[in-house]
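Counting in our numbering, the sequence shown runs from 3 upward without gaps.
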Amino acid sequence: MTTSTLNTNPTTNLSTPAGSPGALTPELHQRFEKGYAVHQAEIAAVPDSALVAINLDIPALINTVTGAHHNLLVLRPRLVALAELEVARIDALETLPFALGFVHTRYEIATAPPAPLTALASRVLEKRDVLLAGLRMLERRNFIDATVFDALHGGLSYRAAALEALKAAHHLRALPAETLARSGLTLAEIDEATSLAGDLTDELGIRDLAPAVVAQVARERQAAYTLTVTAYDQARRAATYLLWNDGNVDEIVPSLYAGRSGRRRTEPMDARGGTDIAVPPGAGGEPAEPGAPAAPTMPALDPRSPGMNPFTS
3 MTTSTLNTNP TTNLSTPAGS PGALTPELHQ RFEKGYAVHQ AEIAAVPDSA LVAINLDIPA
63 LINTVTGAHH NLLVLRPRLV ALAELEVARI DALETLPFAL GFVHTRYEIA TAPPAPLTAL
123 ASRVLEKRDV LLAGLRMLER RNFIDATVFD ALHGGLSYRA AALEALKAAH HLRALPAETL
183 ARSGLTLAEI DEATSLAGDL TDELGIRDLA PAVVAQVARE RQAAYTLTVT AYDQARRAAT
243 YLLWNDGNVD EIVPSLYAGR SGRRRTEPMD ARGGTDIAVP PGAGGEPAEP GAPAAPTMPA
303 LDPRSPGMNP FTS
């Protein structure tokens, strides 16, 4: 078979700027979003028992799969002819990596270290004290009743300070314009204090929900990873079967595990799929350990031989 229409360096580069979770180009964000829309229900339907542990760098995985997709399209007419092969799963690799990219970006954002609240809280405390000072000036001059302060109990927490600033702003806004003027405060100052207190309250609320949000997004990311890896694994097994005589499957549909340390691997994958063939001691030019019996020699198996269909056990 000629591979002149196949790309022998199919990896793409869809990485985001270093140290910038979620910093996607508008075009890439749109592709991620569309991919997620296509597979959202499928991702949610993956049972816990089927989830695969994440042991690959996800941006690198996405680059590999999207890069190999062109070659899978070229091979598709031959893939369709393979019995037991779920071609729809391989077709899904056009959009599955982008769905994975979408939920991975959400996960990065959800797990990014939160910005310190100290600066925002300090500004809220400062503005709260200004509002309270204005109210006390009006109370001393008998423009307002002292009972206004019954609901302003203060507090040491950030949440209590934000709530007190919001209540003080509410009381001041309810005053006639001429009374408010005697406090020395302006509506612009009250609006600024209200905005800052609202921002602090929102940030605190987000942090309260963070554990649940992270758990949900992490589960969704693992499900999208599972779908992508298993679909690509099936595609690679099929490509190995078709390109066995060419010997260039790693160039056409690269392994997701290329370059990883661990047990020794050979180029072809087990004909039954999923894992590479282990090299026994003494095979492949590696000397056996001293005193170890020589490894028996076996003829190479062509996965296209009868009974060697990669999609049946």
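Don't be surprised by glycine CBs; every beta carbon is placed ideally from N, CA and C.
These figures come from a predicted structure and were not determined experimentally.
Counting only runs of 4+ residues, the alpha helix (DSSP H) found wholly inside the region 20 to 78 occupies 28 to 47, in chain order.
Between the beta-carbon of Ala164 and that of Thr107 there is about 30 Å, and that puts the pair past the 8 Å contact cut.
Ranking His71, Glu166, Val48 and Val54 by CA distance to the CA of Ile254 puts His71 first.
Buried is the label assigned to Pro99, since at least 16 other Cβ atoms lie within 10 Å of its Cβ. Counting C-beta atoms within 10 angstroms of its own C-beta, Asn65 has 16 or more neighbours from the protein chains shown and is therefore classed as buried. A direct Cα-to-Cα measurement between Pro213 and Val231 gives close to 27 Å. Our two residues, Ile146 and Leu133, have alpha carbons roughly 14 Å apart in a direct line. Ranked by Cα distance from Thr120, the options Ser159, Ala153, Thr97 and Ile56 are led by Ser159. Bounds of any alpha helix (DSSP H) do not take in Ser185, whose DSSP letter is neither H nor E. Rounded to the nearest whole angstrom, the CA to CA distance from Leu198 to Arg130 is 10 Å. Pairwise C-beta distances place the region 222 to 230 in contact with the region 50 to 66, as three or more of them are shorter than 8 Å. Look at the beta carbons and you see the region 233 to 248 touching the region 77 to 95: at least three pairs across the two are nearer than 8 Å. Taking the C-beta atoms as reference points, Leu84 is found no nearer than 8 Å to Ala241. For Tyr109, the enclosing alpha helix (DSSP H) stretches over residues Leu98 to Thr113. Taking all protein chains shown into account, Gly136 has 16 or more neighbouring C-beta atoms within 10 Å of its C-beta and is therefore buried.
Measuring C-alpha to C-alpha distances from Gln32 to each of Arg78, Phe104, Asp50 and Ala43 identifies Phe104 as the nearest.
Closest in alpha carbon position to Leu77, among Ser257, Val251 and Asp210, is Val251. Residues Leu206 of the same chain have their beta carbon placed closer than 6 Å to that of Arg161, with the five preceding and five following residues left out of the count. Pro116 and Gln218 have their alpha carbons spaced roughly 18 Å apart. Per DSSP, reduced to three states, the secondary structure at Gly249 is coil, with no helix or strand assignment. Between Ile45 and Ala101, the C-beta spacing is below 8 Å. Rounded to the nearest angstrom, the gap between the Cα atoms of Lys169 and Tyr109 is 36 Å. Asp201: member of the alpha helix (DSSP H) spanning Leu189 to Leu244, first to last residue. Shown here for Tyr38: same chain residues with a beta carbon closer than 6 Å to its own, the five before and five after excluded, namely Ala101 and Phe104 in chain order.
Counting along the chain, the unbroken alpha helix (DSSP H) around Leu168 starts and ends at Tyr160 to Arg175.
The beta carbon of Val150 sits closer than 8 Å to the beta carbons of Leu137, Glu141 and His173 from its chain, once the five residues preceding and following it are set aside; these are given in chain order.
Within its own chain, the residues whose Cβ lies closer than 6 Å to the Cβ of Ala195, once the five positions on either side in sequence are excluded, are Lys129, Leu133, Ala167 and Ala171, listed in chain order.
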